[in-house]
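Chemist:
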Amino acid sequence: EESRGKESFRDITLLSRDLIERIKLEISDYVDPQTCHNFTILERNNIYNIAFHCRLSRELRVEQAHFVITSIEDLIKKEINNIGDMSIHVEPF
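In the numbering used here, the protein residues as written are 26 to 118.
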């Protein structure tokens, strides 16, 4: 079998409580951090891929929700080093 020299991602979610709490602190100006859940943190070569869900008001238009999520992603990537991909799933409530 051919080796491509790439390590696979390692799920470190259970070891990432401090990182998750830091993310929640950083995004608190945009959303209630308690509405963010289902975090998954994957790591490879000290790069972190992050996914989670956030509840936003169903009163928001799609464009408004997109703006909030994009702002959160940009903030996290600015404030926390070594972020690779990020995915935030919006749940209307």
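Cβ coordinates follow ideal geometry from the N, Cα and C atoms, glycine included.
Could you name the residues that DSSP lists as bridge partners for Y73?
Modeler: According to DSSP, Y73 bridges with E68, I108.
Chemist: Whether or not the region 86-105 and the region 50-68 are in contact is what I'm after, with contact meaning three or more pairs of Cβ atoms, one per stretch, closer than 8 Å; do they touch?
Modeler: Touching, per the Cβ criterion.
Chemist: Go ahead and label I75 buried or exposed: buried means 16 or more other beta carbons lie within 10 angstroms of its beta carbon, across all protein chains shown.
Modeler: Flag for I75 reads buried.
Chemist: Taking the alpha-carbon positions, what's the E116 to N70 distance?
Modeler: Using only the alpha carbons, I get a separation of about 31 Å.
Chemist: Three-state secondary structure (DSSP) at I113?
Modeler: I113 falls in the strand class under three-state DSSP.
Chemist: Within 10 Å of its beta-carbon, does V87 have 16 or more other beta-carbons around it, so buried, or fewer, so exposed?
Modeler: V87 should be labelled exposed.
Chemist: Going by DSSP, what residue range makes up the alpha helix (DSSP H) through F46?
Modeler: The residue asked about is misnamed: residue 46 is Glu in this sequence, not Phe. 42-51 is the extent of the alpha helix (DSSP H) around E46.
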